[in-house]
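**Q**
Chains as they are written, first to last, in this note's numbering: chain S, 85 to 658; chain W, 85 to 658.
Next comes the structure, spelled out in structure tokens:
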């Protein structure tokens, strides 16, 4: 046999690199070491296995042609040795060996390597609260736990579930519990929104409302203070505001890189604990590579390293590591952090930086919102989609895009198109002319992604003055917060009518869009005007017109009623 | 009133530019001239209006908020004057006037302009065959014709339809006739495939099979030689090979730019007859702009001007023209020609250059094909998608991407992602790491677009030797075409079995994928081997392995059975 390649970690990055390097160097002696007996599985599929969408855990470990990726498969089909149930204990860089221990027998051995790869992944963060070790408290960290969770549900042992953490995995697990099994399910999130840092408030609010409408209780601004139990079994969760009964508690509050073995071997580790690699996935020891959830990567928008523990990146990094271990100088330039999630009948996606993150990174960031049709508005399957573009006012670069819409591939199409474009440094103007394939069943002649870029263009050039959804909701919450404003509702009278009736013509002036040009003198000049329509497009048109006739104290509510309706505001007339 | 802006043409580019420039210069005097009385409609929706998906033609002329874009709408809502039913006859560049004639009254007048825009669009090409002027022969060129076609169908006057031209509009019309109205429908295409120059043969073949399976007769390599009639009414169509009965004939054999008024005014016109504009949509007269189907644009892949009469581009160009007429120096850099089409239960899309076009343009072009799952293979809604990537071997740049898959937004997601990326000059390697948003309901950890880039990478570096689908079909067609080859079918024995039975073990050697490493000595060394699996992925793995043991005369069938099955080959065992 030829060069000895040892890979520590048998999920995503590890197997991908192993298979790639073996294809490239057929006489290489490739060994994967994994501490688990179940490996090479699609971890992102766990919520769908728990829900029952995926009936058998073996499907998560299978190829697309229905072979289970077990030790025999790797041996026979791939020519790769897998030592499963085997824990890597330490790396001796001088001797070029990895000390491993068989979990069952306790026997240790030193495995020699010419090239080593660390793909040890991540571990779930465990909240330091009382009761975290009770029976019935789970993290979503491996297939065994997933099997046990599903087993408990299937045996009828779970009536009430609490998920700690409103990130993607937490919300997917909540849907799995509620939608398929009818379990009473609550999500507790410490931050004021779900999916913090991934999407901004308005987008998160729409998802929250939809999940609540589907029976999942979501408590924001509430941290878990204690997990309650009886006789060693979990019985509930306590927050500062309430106690929630539970037979099962899922703790999904993020993951941390598993980098101890690298740190102990003296490899360079980032301040947050991730292994530092170059574009060729080499660690500070050129004979040792690393990829997947245990490393940090370059953020192609911010230009700074970030931690992006995503299965899709792990696979791409793994292939690059495989190339380089075989002498092909492929590079992994970095990532933009693309994200998508199903939540019952909707989906939410994002790529690049959220506004919060962009501001924290020092960008002169702002956002454009709109809520147009996802395809030709006359096509029968048309729906509304909501997009938010994050951009830098100075450079006009697009920093991020977030989308919310009906379940399907329409939102992901825009997020995917944006991901590549953003990674190449595309500007607002590039997005304005981005050529989405058009036919009425698929898109609009001016696609939603172009539309949101047009809004960004108008904002960036100072033509469109907007009020944020948050500010507007605050004003609506208590009129005394900003007493001198009135709404100018330019929708059809049938739509505006109930609002006029509820809030009075003094507060809610209704003049249809196509009558403003001749009736604008009815608009009081001494008030701040919030112009309101469905998406914000007509409002901007009318703002431009009103500017020209001297009514300049106007603001557009971007996203308009299409988003307000989806966010669920309690003052909405019925 | 301020500056006088006159726009000739009231569909897509014209109204878009008019509305944009009016928003930017509120006191501008903006006039749209259109020869038709129905204008500002979504022309791409015509097949869906004819099919009945869109019930009323007014929907094609309406905004997303259900206002019909008629003269009153433009006047009241937009502050724009529309002179409909008015034909622009000539431009006097010196006097800065447009001579127009009212179609009804015949009255002429000269309309002065400070800035003029030509958005005269295209006209359908009329085949010079006898009978082209018979009653019942239609082009898809305006809403009146669409209304008449639908009227005839609705009145039961159409039992048999023939469409001349297998381009997008022809195929969409064929589906409209057949699917919604049950009309016996034939398509006659002069070229050996449908969608020539837009997609390549294998992709076109899959669409052709699917449309035939849905009852549309498609005749390739057959030009219309005569349209037959009786008493002035169409009765059929004659080709070199057959006569097809018809009550209606749709002629959709492409369009030509409508540029006469520009040419007569001495503006620069391209060799193929399109108006020449710069990136700011200015013609050779800086006071005259042009946009839409009457102009040529830069192809961002080839770097040469091309003709891309697409409604989506017209709108984008219109906005840029509007900006520039208002003094904002926006630029339209060019286009990549994104395309998507529904065909019954499938869709087909493309962006950039096809292989045929790329070769004609002088690129060192090649293609990669694959047919993986469109989302996590364990997710219940998973389907196979087929992608072809066109790339340049010298520069490793991606020149184009074509996709075929089930109806939905999954294919368009990949085409859209590729469009922006290609326009920025992305390479095979960039596509390999393109960060498609991943969750099992939406995509695979290695997305299909990454997968096809991996294939391209392996081809480009000479690691993957392939046989084209066309060559393989040719060999299968007659074994004597290349007698010294055998198939190596590495699928599951249940899948390979019927082929072995039909063609014999001498021609069709079946060794499962996971047994090749120990059974490779059974493979004859003196034959050319075509390695076959579902998508081509396993075949490449085994090719790499066989190379290492000295069996180098192997070729992979990229796309594999997943594509062969969709292309419909008559030798397929049943």
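In this text, a Cβ means the ideal position worked out from N, Cα and C, and glycines have one as well.
A quick note: this is a predicted structure, and the numbers were derived from the prediction, not measured.
Between residue 43 of chain S and residue 437 of chain S, what straight-line distance do the alpha-carbon atoms span, to the nearest angstrom?
**A** The structure shown does not extend to residue 43 of chain S, since chain S is modelled only from 85 to 658, so the question has no answer here.
**Q** Using a Cβ cut-off of 7 angstroms (strictly closer), state whether residue 78 of chain W contacts chain S.
**A** There is simply no residue 78 of chain W to check, as chain W begins at 85 and stops at 658 in what is shown.
**Q** Apart from the five residues on each side of it in sequence, which residues of its chain come closer than 6 angstroms, Cβ to Cβ, to residue 549 of chain W?
**A** Position 465 of the second chain, counted from the first residue, corresponds to residue 549 of chain W. Result list for residue 549 of chain W: 639, in chain order.
**Q** Name, going along the chain, the residues of the region 640-654 of chain S whose beta-carbon falls closer than 9 angstroms to a beta-carbon of chain B.
**A** Included in the structure are the protein chains S and W, with no chain B among them.
**Q** Out of W:351, W:272, W:625, W:490, state which residue places its alpha-carbon closest to the alpha-carbon of residue 246 of chain W.
**A** Locating residue 246 of chain W in the second chain gives position 162, where the first residue counts as 1. The residue with the shortest Cα to Cα distance from residue 246 of chain W is W:272.
**Q** What residues from the region 522-533 of chain W come within 9 angstroms of chain S, judged by C-beta to C-beta, listed N to C?
**A** Within the region 522-533 of chain W, the qualifying residues are 522, 523, 524, 525, 526, 527, 528, 529, 530, 531, 533.
**Q** Would you list, in sequence order, the uninterrupted alpha helix (DSSP H) runs of no fewer than 4 residues that lie entirely inside the region 226-283 of chain S?
**A** Qualifying alpha helix (DSSP H) stretches, in chain order: 227-238, 252-259.
**Q** Taking DSSP's pairing of strands, which residues face residue 366 of chain W in a bridge?
**A** Along the second chain, read from residue 1 onward, the residue named residue 366 of chain W stands at position 282. Residue 366 of chain W pairs with W:373.
**Q** Strictly below 8 angstroms CB to CB, what residues from chain W border residue 280 of chain S?
**A** Residue mapping note: residue 280 of chain S aligns to position 196 of the first chain, counting from 1. None at all; the shortest Cβ gap to chain W is about 18 angstroms.
**Q** Could you tell me which of W:568, W:514, W:392 sits nearest to residue 592 of chain W, measuring between CA atoms?
**A** Here residue 592 of chain W is taken as the residue at index 508 of the second chain, counted from 1. Residue 592 of chain W has its Cα closest to that of W:568, out of W:568, W:514, W:392.
**Q** Applying the 10 Å Cβ sphere with the 16-neighbour rule, what's the burial state of residue 478 of chain W?
**A** Here residue 478 of chain W refers to the residue found at position 394 when the second chain is read from its first residue. Label assigned to residue 478 of chain W: exposed.
**Q** Examine chain W for any beta-carbon lying closer than 7 angstroms to the beta-carbon of residue 229 of chain S, and answer yes or no.
**A** The residue labelled residue 229 of chain S in the question sits at position 145 within the first chain. No, no contact with chain W.
**Q** Is it right to say residue 473 of chain W is buried, meaning 16 or more other beta carbons lie within 10 angstroms of its own, or is it exposed?
**A** Numbered from 1 along the second chain, position 389 holds the residue referred to as residue 473 of chain W. Residue 473 of chain W is buried by the Cβ-count criterion.
**Q** Identify the contact partners of residue 549 of chain W in chain S, using a Cβ-Cβ distance below 9 angstroms as the criterion.
**A** Numbered from 1 along the second chain, position 465 holds the residue referred to as residue 549 of chain W. Under the 9 angstroms cutoff, chain S gives no residues; its nearest Cβ is about 14 angstroms from residue 549 of chain W.
**Q** Which residues in chain S have a C-beta closer than 7 angstroms to the C-beta of residue 399 of chain W? List them in chain order.
**A** On the second chain, residue 399 of chain W is found 315 positions in, with the first residue counted as 1. Under the 7 angstroms cutoff, chain S gives 529, 530.
**Q** Can you give me the Cβ contacts of residue 542 of chain W inside the same chain, cut-off strictly under 7 angstroms, excluding the 5 residues immediately before and after it?
**A** Walking along the second chain from the start, residue 542 of chain W turns up at place 458. 548, 624, listed in sequence order.
**Q** Taking 7 angstroms as the CB-CB limit, is residue 601 of chain S close to chain W?
**A** Against the first chain, residue 601 of chain S aligns to sequence position 517. Interface residue, yes.
**Q** What's the call for residue 47 of chain W, buried or exposed, on a 16-neighbour Cβ count within 10 Å?
**A** For chain W, the structure presents residues 85 to 658; residue 47 of chain W sits outside this window and is missing.
**Q** Which chain W residues are close to residue 461 of chain S, counting only those with a beta carbon under 7 angstroms from its beta carbon?
**A** Residue mapping note: residue 461 of chain S aligns to position 377 of the first chain, counting from 1. Going along chain W in sequence order, the residues near residue 461 of chain S (Cβ under 7 angstroms) are 148.
**Q** So, at 8 angstroms on beta carbons, what are the nonlocal neighbours of residue 413 of chain S in its own chain, with the 5 sequence-adjacent residues on each side left out?
**A** Here residue 413 of chain S refers to the residue found at position 329 when the first chain is read from its first residue. Excluding residues within five positions, the ones whose Cβ falls inside 8 angstroms are 364, 407.
**Q** Does the CB of residue 175 of chain S have a neighbour CB from chain W at under 7 angstroms?
**A** On the first chain, residue 175 of chain S is found 91 positions in, with the first residue counted as 1. So no, residue 175 of chain S is outside the interface.
**Q** Quick check: is the beta carbon of residue 80 of chain S nearer than 7 angstroms to any beta carbon in chain W?
**A** Any question about residue 80 of chain S goes unanswered here, given that chain S covers just 85 to 658.
**Q** Using CA coordinates, which residue listed in S:88, S:251, S:96 is at the minimum distance from residue 180 of chain S?
**A** The sequence position of residue 180 of chain S within the first chain is 96, counting from 1. The shortest C-alpha separation from residue 180 of chain S is found at S:88.
**Q** With C-beta atoms as the reference, is residue 573 of chain W less than 7 angstroms away from residue 616 of chain W?
**A** Within the second chain, the letter at position 489 stands for residue 573 of chain W. Within the second chain, the letter at position 532 stands for residue 616 of chain W. Yes, the Cβ-Cβ distance between residue 573 of chain W and residue 616 of chain W is below 7 angstroms.
**Q** Between which residues of its own chain and residue 121 of chain S is the CB-CB distance below 7 angstroms, once the five residues before and five after are set aside?
**A** Against the first chain, residue 121 of chain S aligns to sequence position 37. Hits under 7 angstroms: 168, 169.
**Q** Residues of chain W with CB closer than 7 angstroms to the CB of residue 625 of chain S, please, in chain order.
**A** As a first step, residue 625 of chain S must be located in the first chain, where it is residue number 541. Neighbours of residue 625 of chain S on chain W, chain order: 107.
**Q** Can you tell me whether residue 238 of chain W is buried or exposed? The criterion is at least 16 other CB atoms within 10 Å of its CB, across all chains shown.
**A** Here residue 238 of chain W refers to the residue found at position 154 of the second chain. Residue 238 of chain W should be labelled exposed.
**Q** Counting C-beta neighbours from all protein chains within 10 Å, is the total for residue 317 of chain W 16 or more, i.e. buried, or is it exposed?
**A** Start at 1 with the first residue of the second chain, and residue 317 of chain W comes out as number 233. Looking at its Cβ environment, which holds fewer than 16 other Cβ atoms inside 10 Å, residue 317 of chain W is exposed.
**Q** Taking the Cβ atom as the reference point for each residue, do residue 371 of chain S and residue 115 of chain S lie within a distance shorter than 7 angstroms?
**A** Taking the first residue of the first chain as position 1, residue 371 of chain S is located at position 287. Taking the first residue of the first chain as position 1, residue 115 of chain S is located at position 31. Contact: no.
**Q** Rounded to a whole number of angstroms, what is the C-alpha to C-alpha distance between residue 211 of chain S and residue 223 of chain S?
**A** The count along the first chain starts at 1 and reaches residue 211 of chain S at position 127. The count along the first chain starts at 1 and reaches residue 223 of chain S at position 139. Taking the straight line from one Cα to the other gives about 11 angstroms.
**Q** Using a Cβ-Cβ cut-off of less than 9 angstroms, list which residues of the region 416-445 of chain S approach chain W; keep chain order.
**A** Those residues of the region 416-445 of chain S that come within reach of chain W (Cβ to Cβ, closer than 9 angstroms) are 416, 417, 418, 419, 420, 421, 422, 423, 424, 425, 426, 431, 433, 434, 435.
**Q** Quick one: Cα of residue 369 of chain W to Cα of residue 307 of chain W, how far?
**A** Locating residue 369 of chain W in the second chain gives position 285, counting from the first residue. Locating residue 307 of chain W in the second chain gives position 223, counting from the first residue. Approximately 41 angstroms between the Cα atoms of the pair.
**Q** Rounded to a whole number of angstroms, what is the C-alpha to C-alpha distance between residue 626 of chain W and residue 632 of chain W?
**A** Position 542 of the second chain, counted from the start, is the residue given in the question as residue 626 of chain W. Position 548 of the second chain, counted from the start, is the residue given in the question as residue 632 of chain W. Cα to Cα, residue 626 of chain W sits roughly 10 angstroms from residue 632 of chain W.
**Q** Can you list, in chain order, the stretches of the beta strand (DSSP E) that have 3 or more residues and sit fully within the region 159-235 of chain S?
**A** As far as the region 159-235 of chain S is concerned, its whole beta strand (DSSP E) runs of at least 3 residues are 165-167, 170-176, 181-186, 192-196, 199-202, 206-208.
**Q** Who are the Cβ neighbours of residue 392 of chain W in its own chain at under 7 angstroms, not counting the five residues just before and after it?
**A** Within the second chain, numbered from 1, the residue matching residue 392 of chain W stands at position 308. Result list for residue 392 of chain W: 381, 419, 421, in chain order.
**Q** Considering only C-alpha positions, which residue in the set W:196, W:216, W:226, W:152 is nearest to residue 204 of chain W?
**A** Taking the first residue of the second chain as 1, we reach residue 204 of chain W at position 120. Ranking W:196, W:216, W:226, W:152 by Cα distance to residue 204 of chain W puts W:226 first.
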